[in-house]
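J.: Submitted below is the structure of interest, expressed as C-alpha cells.
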Amino acid sequence: FHATRKSAIAFQKKLESLGVHATVRRTLGSDIEAACGQLRHDAEQS
-16 FHATRKSAIA FQKKLESLGV HATVRRTLGS DIEAACGQLR HDAEQS
C-alpha cells in the first residue's frame, strides 16, 4: 500500500497538530525499480 503524497501530508499535519513531530519521506528509485529492494530481488531471480 502506498499513500498518495497529498494524504501523507494531511496525516503529517494531523500528527503535528497533536504535538507529534512527523516527516514525510520521498520515495527514490522507483522509476528504475530500485526502491525497497526490487532491483536486488529481480537480480536474485535471474
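Residue numbering for the sequence shown follows the working numbering, beginning at -16 and increasing consecutively. Glycine included, each C-beta is placed from N, C-alpha and C at the ideal position. Only a predicted model underlies this, so the values are computations on that prediction, with no experimental measurement involved.
(1) Assuming ALA(-9) contacts VAL7 under a Cβ cut-off of 8 Å, what Cβ separation, rounded to an integer in Å, is found between them?
(2) Check ARG8 in the structure and name its three-state DSSP category.
(3) Would you check if the distance between the CB atom of ALA(-14) and the CB atom of GLN(-5) is smaller than 7 Å?
(4) Roughly how many angstroms separate the alpha carbons of ARG9 and SER0, rounded to a whole number?
T.: Let's see:
(1) 5 Å
(2) coil
(3) no
(4) 22 Å
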